[in-house]
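A.B. asks: Chains as they are written, first to last, in the working numbering: chain U, 4 to 209; chain E, -17 to 125.
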């Protein structure tokens, strides 16, 4: 009897120790078999970015007549979800892949959140200040050397929460992206990708 | 024993009778279309059960590779779902250059796909690099 009690206590102890395991593990980001979450995670951004990139390339929206590459900037991409999202999570992938595709070159001189690289203007401020005399003049950027973007990416990520039934909710995420010709204002390409999740009402999607 | 053999034989006949119908351009689903020998209110449960028992699933009919106007390789995959249930799965396409080396791209990620029971499906992918000359594709269950 005493042996049996000891065995039960030991098993219960092991079980509790196992259940309470909070060991940190690295995510296998290539083949992540982890459960889906109600919020947006990196897999959702990968999926949306992949769909956007393939659609843009397939449509030929970035093929410049006469050859060459378009100069592109990322304008305003707004986060209209209930989550704290940096929209660069989506745009960095799209920019990277489109640059690697050889169809576009991104500019860091202007952007929807300001210049992606402030050093462009800081170096010009230095050039125009007394400190500029410390530099070899031919290594400083001259005036009228920046190239203006021809196309702009803009878009929105938005969220809708719908009550599915008594215990479940449905969360819909819409990724919307546009490419606009900055000279004419014409829209060259547009796509919406939808990611929907259905789960417990107790899950929080923000 | 003989009865079981007979049931299995009948189920097999019904299944093959139903399977012969390749997905057509116009797919009229059961419940809307007229019932046939292999699929009616009496045989349906047997056929469904047998289909699940033998593990029918997705099959790929063809993979068409072609370069689009902009010089990028496009892949169109056509297949059909042999089973009676909707099959949800994920697929990942990796692009290979002329040396057979994999091209690292952000588009090579697991993407969702779904094929309704006894119907055709198509997948389309575009290589984001002009160096791509071939592809390989992997699938896994939709977790």
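Ideal Cβ placement from N, Cα and C applies to all residues, glycine included.
#1: Which chain U residues sit within Cβ distance under 8 Å of residue 116/E?
#2: Please tell me whether residue 61/U has its Cβ less than 8 Å away from any Cβ of chain E.
#3: Between the alpha carbons of residue 65/U and residue 56/U, how many angstroms are there, rounded?
#4: For residue 107/E, would you say it is in contact with chain U, using Cβ-to-Cβ distances shorter than 8 Å as the test?
#5: Taking the C-alpha atoms as reference points, what is the distance between residue 75/U and residue 139/U?
#6: Around the Cβ of residue 51/U, are there at least 16 other Cβ atoms within 10 angstroms (buried) or fewer (exposed)?
#7: Leaving out the 5 sequence neighbours to the left and right, which residues in its chain are closer than 7 Å to residue 82/U when beta-carbon positions are compared?
#8: Who pairs with residue 94/E in a beta bridge, going by DSSP?
#9: For residue 200/U, which option in 29/U, 27/U and 38/U has the closest C-alpha, if you only look at C-alpha atoms?
#10: According to DSSP, is residue 125/U helix, strand or coil?
#11: Could you list which residues in chain E have their beta carbon closer than 7 Å to that of residue 104/U, in chain order?
#12: Given that a residue counts as buried once 16 or more other Cβ atoms are within 10 Å of its Cβ, and exposed if not, what is residue 43/E?
#13: Measure from the C-beta of residue 51/E to each C-beta in chain U and report whether the shortest distance is under 8 Å.
#14: Do you know how far the Cα of residue 95/U is from the Cα of residue 102/U?
#15: Taking the alpha-carbon of residue 151/U as reference, which of 202/U, 53/U, 108/U and 162/U has the nearest alpha-carbon?
#16: Just mark residue 111/U as buried or exposed, buried being the case when its beta carbon has 16 or more other beta carbons within 10 Å.
#17: Leaving out the 5 sequence neighbours to the left and right, which residues in its chain are closer than 6 Å to residue 120/E when beta-carbon positions are compared?
#18: Would residue 2/E be called buried (16 or more neighbouring beta carbons within 10 Å of its own) or exposed?
#19: Which word fits residue 35/E, buried or exposed, when buried means at least 16 other C-beta atoms lie within 10 angstroms of its C-beta?
#20: Can you pull out the residues from the region 32 to 57 of chain E whose beta carbon lies closer than 7 Å to at least one beta carbon of chain U?
#21: Any idea if residue 69/E is buried or exposed, counting beta-carbon neighbours within 10 angstroms, 16 or more meaning buried?
#22: Whole alpha helix (DSSP H) runs in the region 65 to 104 of chain U with 4 or more residues, listed along the chain?
#23: Which bits of chain E does residue 175/U rub up against, with CB to CB less than 9 Å?
#24: What number of angstroms, rounded off, separates the C-alpha of residue 123/E from the C-alpha of residue 6/E?
#25: Answer with buried or exposed for residue 3/U, where buried requires no fewer than 16 other C-beta atoms within 10 angstroms of its C-beta.
C.D. replies: Taking the geometry as given:
#1: The premise fails here: residue 116/E is roughly 17 Å from chain U at the closest Cβ pair, so nothing lies under 8 Å.
#2: Yes, residue 61/U counts as interfacial toward chain E.
#3: The C-alpha of residue 56/U is placed about 11 Å away from the C-alpha of residue 65/U.
#4: Closer than 8 Å: yes.
#5: Approximately 31 Å between the Cα atoms of the pair.
#6: In summary, residue 51/U is buried, with 16 or more beta-carbon neighbours lying within 10 Å of its beta-carbon over all protein chains present.
#7: Cβ within range, chain order: 88, 90 and 160.
#8: Paired residue(s): 72/E.
#9: Of 29/U, 27/U and 38/U, the residue nearest in Cα terms is 38/U.
#10: Helix.
#11: Going along chain E in sequence order, the residues near residue 104/U (Cβ under 7 Å) are 110 and 111.
#12: With fewer than 16 other CB atoms across the displayed protein chains lying within 10 angstroms of its CB, residue 43/E is exposed.
#13: By this cut-off, residue 51/E is an interface position.
#14: Spanning the alpha carbons of residue 102/U and residue 95/U requires a straight line of approximately 11 Å.
#15: Closest option to residue 151/U, Cα to Cα, is 108/U.
#16: Counting Cβ neighbours within 10 Å, residue 111/U comes out exposed, since fewer than 16 surround it.
#17: By the criterion of a C-beta distance shorter than 6 Å, residue 120/E is surrounded in its chain by 74, once the five residues flanking it on both sides are discounted.
#18: Confidence is the limiting factor: at residue 2/E the pLDDT is only 49, short of 50, which leaves the residue's position unreliable and the question unanswerable from this model.
#19: Residue 35/E is exposed by the Cβ-count criterion.
#20: Within the region 32 to 57 of chain E, the qualifying residues are 50, 51, 52, 54 and 56.
#21: Here residue 69/E is buried. Its C-beta has 16 or more other C-beta atoms within 10 Å.
#22: 91 to 103, all fully within the region 65 to 104 of chain U.
#23: In chain order: nothing, as chain E lies at least about 15 Å away.
#24: Distance between the alpha carbons of residue 123/E and residue 6/E: 26 Å.
#25: For residue 3/U there is no data in the structure shown, the boundaries of chain U being 4 and 209.
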